[in-house]
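Sequence order for the protein chains is Z, R, P and E.
Just so we're aligned, residue 349 is where the first sequence starts under the working numbering, counting upward by one.
Just so we're aligned, residue 349 is where the second sequence starts under the working numbering, counting upward by one.
Just so we're aligned, residue 530 is where the third sequence starts under the working numbering, counting upward by one.
Just so we're aligned, residue 530 is where the fourth sequence starts under the working numbering, counting upward by one.
Every residue, glycine too, gets a C-beta built ideally from N, C-alpha and C.
Read through the structure below, which is laid out as structure tokens, and then see the notes.
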Amino acid sequence: MKGPGAELKGSELGLERDRERRWIAGVIGTLSLLAALALGLALALSSAGSKWRADFEGIATIEIPATPDPARQAQQLRDVLDILRLDPAIETAQALPRERAEALLAPWLGAENVRALPLPTLVDARLKKGVVFDAGALESTIKTAAPGAQVDDHARWLGGFLAVARAAGIVAVVVVIAVGIAAAGAVGFATRAGLAMHREAVDILHLVGAEDRYIARQFARAALRLAFVGSAIGTGAGAGVLAGAYMLATATGALAFPLPTLDPLGWTILAAVPLAATLVAAISAYATVMRALARIV
Amino acid sequence: MKGPGAELKGSELGLERDRERRWIAGVIGTLSLLAALALGLALALSSAGSKWRADFEGIATIEIPATPDPARQAQQLRDVLDILRLDPAIETAQALPRERAEALLAPWLGAENVRALPLPTLVDARLKKGVVFDAGALESTIKTAAPGAQVDDHARWLGGFLAVARAAGIVAVVVVIAVGIAAAGAVGFATRAGLAMHREAVDILHLVGAEDRYIARQFARAALRLAFVGSAIGTGAGAGVLAGAYMLATATGALAFPLPTLDPLGWTILAAVPLAATLVAAISAYATVMRALARIV
Amino acid sequence: MVSFERVGLRYGLGPEILRDISFSLAPGSLHFLTGASGAGKSSLLSLLYLARKPSRGTVKLFGEDVTAIARRDLPPLRRQIGVVFQDFRLLDHLPVIDNVALPLRVQGIADSQVREHAAELLAWVGLGDHLNALPPTLSGGQKQRVAIARAVIGRPRLLIADEPTGNVDDRIAVRLMRLFDELNRLGTTIVIATHNMQLVQESRHPELRLDGGALYQTRKGAA
Amino acid sequence: MVSFERVGLRYGLGPEILRDISFSLAPGSLHFLTGASGAGKSSLLSLLYLARKPSRGTVKLFGEDVTAIARRDLPPLRRQIGVVFQDFRLLDHLPVIDNVALPLRVQGIADSQVREHAAELLAWVGLGDHLNALPPTLSGGQKQRVAIARAVIGRPRLLIADEPTGNVDDRIAVRLMRLFDELNRLGTTIVIATHNMQLVQESRHPELRLDGGALYQTRKGAA
Ligand SMILES: Nc1ncnc2c1ncn2[C@@H]1O[C@H](COP(=O)(O)OP(=O)(O)OP(=O)(O)O)[C@@H](O)[C@H]1O
Ligand SMILES: Nc1ncnc2c1ncn2[C@@H]1O[C@H](COP(=O)(O)OP(=O)(O)OP(=O)(O)O)[C@@H](O)[C@H]1O
Ligand SMILES: [Mg+2]
Ligand SMILES: [Mg+2]
Numbered sequence: 349m350k351g352p353g354a355e356l357k358g359s360e361l362g363l364e365r366d367r368e369r370r371w372i373a374g375v376i377g378t379l380s381l382l383a384a385l386a387l388g389l390a391l392a393l394s395s396a397g398s399k400w401r402a403d404f405e406g407i408a409t410i411e412i413p414a415t416p417d418p419a420r421q422a423q424q425l426r427d428v429l430d431i432l433r434l435d436p437a438i439e440t441a442q443a444l445p446r447e448r449a450e451a452l453l454a455p456w457l458g459a460e461n462v463r464a465l466p467l468p469t470l471v472d473a474r475l476k477k478g479v480v481f482d483a484g485a486l487e488s489t490i491k492t493a494a495p496g497a498q499v500d501d502h503a504r505w506l507g508g509f510l511a512v513a514r515a516a517g518i519v520a521v522v523v524v525i526a527v528g529i530a531a532a533g534a535v536g537f538a539t540r541a542g543l544a545m546h547r548e549a550v551d552i553l554h555l556v557g558a559e560d561r562y563i564a565r566q567f568a569r570a571a572l573r574l575a576f577v578g579s580a581i582g583t584g585a586g587a588g589v590l591a592g593a594y595m596l597a598t599a600t601g602a603l604a605f606p607l608p609t610l611d612p613l614g615w616t617i618l619a620a621v622p623l624a625a626t627l628v629a630a631i632s633a634y635a636t637v638m639r640a641l642a643r644i645v
Numbered sequence: 349m350k351g352p353g354a355e356l357k358g359s360e361l362g363l364e365r366d367r368e369r370r371w372i373a374g375v376i377g378t379l380s381l382l383a384a385l386a387l388g389l390a391l392a393l394s395s396a397g398s399k400w401r402a403d404f405e406g407i408a409t410i411e412i413p414a415t416p417d418p419a420r421q422a423q424q425l426r427d428v429l430d431i432l433r434l435d436p437a438i439e440t441a442q443a444l445p446r447e448r449a450e451a452l453l454a455p456w457l458g459a460e461n462v463r464a465l466p467l468p469t470l471v472d473a474r475l476k477k478g479v480v481f482d483a484g485a486l487e488s489t490i491k492t493a494a495p496g497a498q499v500d501d502h503a504r505w506l507g508g509f510l511a512v513a514r515a516a517g518i519v520a521v522v523v524v525i526a527v528g529i530a531a532a533g534a535v536g537f538a539t540r541a542g543l544a545m546h547r548e549a550v551d552i553l554h555l556v557g558a559e560d561r562y563i564a565r566q567f568a569r570a571a572l573r574l575a576f577v578g579s580a581i582g583t584g585a586g587a588g589v590l591a592g593a594y595m596l597a598t599a600t601g602a603l604a605f606p607l608p609t610l611d612p613l614g615w616t617i618l619a620a621v622p623l624a625a626t627l628v629a630a631i632s633a634y635a636t637v638m639r640a641l642a643r644i645v
Numbered sequence: 530m531v532s533f534e535r536v537g538l539r540y541g542l543g544p545e546i547l548r549d550i551s552f553s554l555a556p557g558s559l560h561f562l563t564g565a566s567g568a569g570k571s572s573l574l575s576l577l578y579l580a581r582k583p584s585r586g587t588v589k590l591f592g593e594d595v596t597a598i599a600r601r602d603l604p605p606l607r608r609q610i611g612v613v614f615q616d617f618r619l620l621d622h623l624p625v626i627d628n629v630a631l632p633l634r635v636q637g638i639a640d641s642q643v644r645e646h647a648a649e650l651l652a653w654v655g656l657g658d659h660l661n662a663l664p665p666t667l668s669g670g671q672k673q674r675v676a677i678a679r680a681v682i683g684r685p686r687l688l689i690a691d692e693p694t695g696n697v698d699d700r701i702a703v704r705l706m707r708l709f710d711e712l713n714r715l716g717t718t719i720v721i722a723t724h725n726m727q728l729v730q731e732s733r734h735p736e737l738r739l740d741g742g743a744l745y746q747t748r749k750g751a752a
Numbered sequence: 530m531v532s533f534e535r536v537g538l539r540y541g542l543g544p545e546i547l548r549d550i551s552f553s554l555a556p557g558s559l560h561f562l563t564g565a566s567g568a569g570k571s572s573l574l575s576l577l578y579l580a581r582k583p584s585r586g587t588v589k590l591f592g593e594d595v596t597a598i599a600r601r602d603l604p605p606l607r608r609q610i611g612v613v614f615q616d617f618r619l620l621d622h623l624p625v626i627d628n629v630a631l632p633l634r635v636q637g638i639a640d641s642q643v644r645e646h647a648a649e650l651l652a653w654v655g656l657g658d659h660l661n662a663l664p665p666t667l668s669g670g671q672k673q674r675v676a677i678a679r680a681v682i683g684r685p686r687l688l689i690a691d692e693p694t695g696n697v698d699d700r701i702a703v704r705l706m707r708l709f710d711e712l713n714r715l716g717t718t719i720v721i722a723t724h725n726m727q728l729v730q731e732s733r734h735p736e737l738r739l740d741g742g743a744l745y746q747t748r749k750g751a752a
């Protein structure tokens with residue numbers, strides 16, 4: 349038996365003892381996990397996007413096809429480099445050493461065989477900032493010197509990647525909003541169930557002169573407690589998954605994606621998930637009770 | 349107000365009106381979805397395994413490295429084919445046309461350049477059924493005729509794939525068992541909550557002479573109903589996801605995995621998921637009530 | 530029929546509410562159980578209707594020692610006992626007629642028979658036009674009469690009533706007493722806990738009085 | 530203080546339980562409300578303690594027309610009314626002392642003050658040694674006294690009691706009546722619904738009798 353003063357202020361409804369409504373912590377936890385993963389992924393993609401853009405924006409690659417005649421190919425390279433040096437949009441241009449191309453083919457043909465092979469020549473050109481670069485026009489010019497040469501300014505795949513990152517960001521925002529709505533809905537449902545369960549006690553509180561907001565506060569407090577526990581665990585699990593993925597990625601070197609482990613903004617956004625979930629739950633519970641009570645005498 | 353005779357037999361506890369415990373349908377649904385996906389994936393891998401085994405088991409591939417001298421390479425091929433014909437484990441052996449190798453390299457070097465290149469020669473050997481094939485020994489023999497030649501009986505990667513498929517099967521069984529335990533646990537929890545909620549009504553039933561199993565039956569029936577609805581929806585969603593994945597895979601041609609859409613055993617196993625879930629829920633509820641009631645006077 | 534031997538009862542670690550209670554009730558008798566509020570009347574009755582076991586001593590019912598009985602043998606015994614609880618204990622979500630039918634229903638008796646019987650009984654306690662009302666829509670006295678109908682529908686050998694006239698006026702109280710008398714004449718053994726001393730004094734039936742945890746048998750009488 | 534003007538009440542689509550009831554209660558009066566079981570006593574009281582609104586007519590309380598009042602203005606009115614319910618309506622999971630303290634608690638009054646006051650009141654109704662008991666462990670009469678303590682802790686201007694002596698013996702009934710008398714002398718207006726005609730007849734206070742949905746004011750008397 350509890351001694352006097354042993355009970356919490358505002359526990360008249362005994363909501364904290366309802367085991368039936370603890371599932372709401374699980375629901376909020378799952379939703380928080382989802383939100384954390386969506387946000388984490390979006391942040392990872394956006395940070396990877398910035399990095400890749402820094403690496404590849406402003407660089408164009410020119411490929412001069414292989415010819416059986418090495419002297420002719422060397423002449424073509426010289427002509428191309430001359431053209432590039434005259435182009436007002438290009439800062440510097442440099443042929444890649446032959447070894448890079450050899451390394452790519454060695455596994456197929458044997459290193460020895462490759463050495464004797466005619467290979468295409470690759471040229472990296474660094475673009476000037478702020479000057480418009482027209483890859484198509486340059487390619488036409490270069491083709492006069494080296495037929496079959498190609499100019500790739502990486503814009504297509506970088507643009508594609510950035511579009512994917514942007515889309516992922518939008519999806520993440522949509523997921524977070526959907527998760528928020530689902531959480532509010534689940535809390536609303538649980539709160540209505542709680543009101544039904546405690547209808548008699550609520551009536552008693554009313555009859556002894558309690559105001560609606562007094563009762564609503566108790567439900568909000570109970571929802572807040574459950575949501576906080578659930579969302580803290582869910583977000584923690586999500587952060588764990590993200591950190592694990594990061595470690596796996598760096599350990600295997602499989603992924604070129606830098607994950608936002610040290611991006612303070614990213615962590616702040618993740619940390620805000622449980623706070624937002626808790627707030628959403630408390631407000632939803634409060635509003636649900638106020639609305640439901642307004643409908644009874 | 350209900351008319352006489354309007355109520356269901358055995359509804360004295362009014363369990364079917366408890367909205368608070370409907371979450372259990374959601375939990376069972378999610379678990380069923382998990383089980384369906386795990387089973388579906390395992391069945392898909394196992395059926396893909398059989399197909400790949402049928403395709404690749406019994407075939408070995410011999411690679412004779414490229415040499416700058418085509419005549420020498422042709423002689424090596426003839427010698428290797430002779431060796432293969434004499435091998436008691438080999439049924440037939442056939443050199444792959446040079447076009448296959450050319451097609452692989454054309455994008456890199458240009459189709460024109462490739463035609464002039466020395467390329468490795470590939471030989472497919474069909475193995476005799478029931479005769480032990482020793483790839484290592486054959487490789488040693490062949491190397492005397494063609495230095496650097498390699499024999500690949502696909503055993504390593506096929507074995508790896510089959511091991512993965514077997515592991516996936518085990519994981520699926522573990523998942524299904526875990527899901528069953530989780531479902532039984534959730535139903536047990538919900539049932540104890542329901543007993544607590546209806547403690548007074550349960551007391552009344554006892555005092556008017558009801559036996560424990562009379563009360564347990566009501567809980568089992570309520571759990572059965574919720575579990576059936578939940579698991580039917582969950583399994584249906586799982587089957588939908590599997591079917592969708594199959595259609596996507598066939599439409600894009602991206603996956604070599606044949607999914608078991610038409611395997612009657614697979615569909616039977618999937619269809620058993622909701623039945624098993626329903627049974628588990630009903631038994632768990634019944635047992636929980638019997639155990640809990642045995643502890644009160 | 531009923532016999533208590535040196536029965537003691539305490540709740541948890543509290544003091545003994547009942548101390549060394551010994552008495553026996555003859556089949557077909559009717560006894561009043563009186564005593565101040567908190568004297569332990571409801572507690573003693575709860576031993577009789579097998580809701581709890583005594584802390585010590587022996588309780589025998591229909592010749593069986595119920596303190597030693599196995600759990601699974603309780604239901605058949607309970608079906609021979611009808612109880613009117615002080616707080617009614619009706620199932621709020623079931624119509625009155627189903628509440629009354631409950632004791633037969635849990636025995637698996639066919640609904641059709643049960644409902645007819647329940648409807649008759651409800652008419653008999655003056656609630657013939659409330660068959661399908663839900664308990665929360667009834668007045669206090671109406672609930673009490675539903676509780677009485679439920680207690681007697683199983684034709685119990687032992688009928689226990691805790692304060693059955695607490696919520697009704699004297700006219701209905703008298704009518705209920707006549708009803709109990711009638712059941713008693715048909716052979717039912719009855720124990721009625723009550724504060725209504727007028728009722729006790731006007732009746733020819735004996736009184737058991739609880740005081741300080743002990744039981745005093747006053748007016749050894751008719752039964 | 531209280532006035533009813535041509536008040537009617539029906540539940541749902543049922544018949545009118547109360548028909549054309551008009552009366553008024555002077556401040557500081559004490560009235561008994563009598564009538565057969567099911568006559569509508571509890572229903573009439575529920576109009577008084579603002580649990581429902583009448584189907585027609587006007588109910589005025591403390592000079593305000595409560596049939597027209599906004600929902601948010603109800604709590605302050607209810608705090609001036611104390612109610613003892615026929616079925617007690619205690620919160621089973623709260624100790625007795627917290628149940629009694631409830632009406633002050635919901636007003637936001639500091640716990641320390643509230644508990645002392647509640648403990649005093651419980652001693653006054655004879656439950657000084659049950660402060661921390663939970664309601665399910667109390668006897669019927671003990672619960673009734675907890676309910677009375679809760680009804681009066683807020684020093685209500687109007688006290689409404691539904692069958693407050695239904696579960697206690699005559700000795701405690703008399704003590705409770707003295708308690709009501711005392712509160713009445715201190716200025717509280719009181720309405721007591723009861724079946725205990727002896728109590729009514731022995732008292733100098735007037736009686737309101739419900740019969741067939743109509744109210745009869747007998748023994749216009751002392752108040
Ligand atoms: N479940 C319980 N746990 C603890 N104490 C209890 C419990 N039930 C009853 N008591 C205590 O036992 C004592 C006797 O209670 P009981 O209900 O038997 O009295 P009663 O004679 O029926 O009173 P009343 O006339 O008021 O109904 C009381 O002091 C009460 O507080
Ligand atoms: N919530 C409700 N819904 C429908 N009918 C109700 C409701 N409450 C009471 N009644 C009906 O109204 C009538 C009067 O009930 P009420 O409880 O006011 O009587 P009462 O005078 O207090 O009786 P008692 O002395 O038995 O307590 C009864 O016939 C009852 O069935
Ligand atoms: Mg009692
Ligand atoms: Mg009443």
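Beta-carbon contacts of residue i that lie in its chain and below 8 Å, excluding the five residues immediately before and after
i: PHE605 (chain Z); result: Confidence in PHE605 (chain Z) is poor, its pLDDT being 44 and thus under 50, which makes the residue's placement unreliable; the coordinate value appears in the next sentence. Contacts found: ALA392, LEU393, ALA396, ALA597.
i: LEU542 (chain P); result: none
Selection from the options that minimises the alpha carbon distance to residue i
i: ALA534 (chain Z); options: Z:THR636, Z:ALA503, Z:GLY517, Z:VAL556; result: Z:THR636
i: ILE431 (chain Z); options: Z:GLU450, Z:ILE410, Z:PRO418; result: Z:ILE410
i: ILE503 (chain P); options: P:GLN727, P:THR747, P:ALA690; result: With chain P represented from 530 up to 752, any question about residue 503 (chain P) goes unanswered, as that position is not in the structure.
i: ILE412 (chain R); options: R:THR489, R:GLY362, R:LEU363, R:LYS476; result: R:THR489
i: VAL697 (chain P); options: P:ALA680, P:ALA676, P:PRO685, P:LEU687; result: P:ALA676
i: ALA449 (chain Z); options: Z:ALA516, Z:ALA414, Z:GLU559, Z:ARG569; result: Z:ALA414
Beta-carbon proximity check, residue i vs residue j, cutoff 8 Å
i: LEU379 (chain R); j: ALA624 (chain R); result: no
i: GLN615 (chain E); j: GLU736 (chain E); result: no
i: GLN566 (chain R); j: GLU405 (chain R); result: no
i: GLY683 (chain P); j: PRO632 (chain P); result: yes
i: SER722 (chain E); j: SER571 (chain E); result: The displayed chain sequence assigns Ala, not Ser, to residue 722 (chain E). In this structure, SER571 (chain E) lies closer than 8 Å to ALA722 (chain E) by Cβ.
i: ALA538 (chain R); j: ARG369 (chain R); result: yes
i: ALA630 (chain E); j: VAL643 (chain E); result: yes
heavy atom of ligand 6 below 7 Å from residue i C-beta
i: ASP691 (chain E); result: Because ligand 6 does not appear in the structure shown, any question about it cannot be addressed here, the ligands present being ligand 1, ligand 2, ligand 3 and ligand 4.
7 Å Cβ shell around residue i - same chain, five flanking residues per side excluded
i: THR662 (chain E); result: Reading the sequence as shown, one finds Ala at residue 662 (chain E) and not Thr. Counting only Cβ-Cβ distances below 7 Å, and skipping sequence neighbours, we find PRO624, VAL625.
Cβ of residue i within 8 Å of any chain P Cβ
i: LEU555 (chain R); result: yes
Residues near residue i by beta carbon distance below 6 Å, same chain, minus five either side
i: PRO352 (chain R); result: The predicted model places PRO352 (chain R) with a pLDDT of 40, which falls under 50 and marks its position as unreliable, so this point remains unresolved.
- Return the residues of the segment 577 to 591 of chain E that lie within a Cβ-Cβ distance of less than 9 Å from chain Z, sorted by chain order. TYR578, LEU579, ALA580, ARG581, LYS582
- Query: For the segment 594 to 626 of chain E, which residues have a beta carbon sitting closer than 7 Å to at least one beta carbon of chain Z?
  - Reply: ARG600, PRO604, ARG607, ARG608, VAL612, ARG618, LEU620, HIS622, LEU623, PRO624, ILE626
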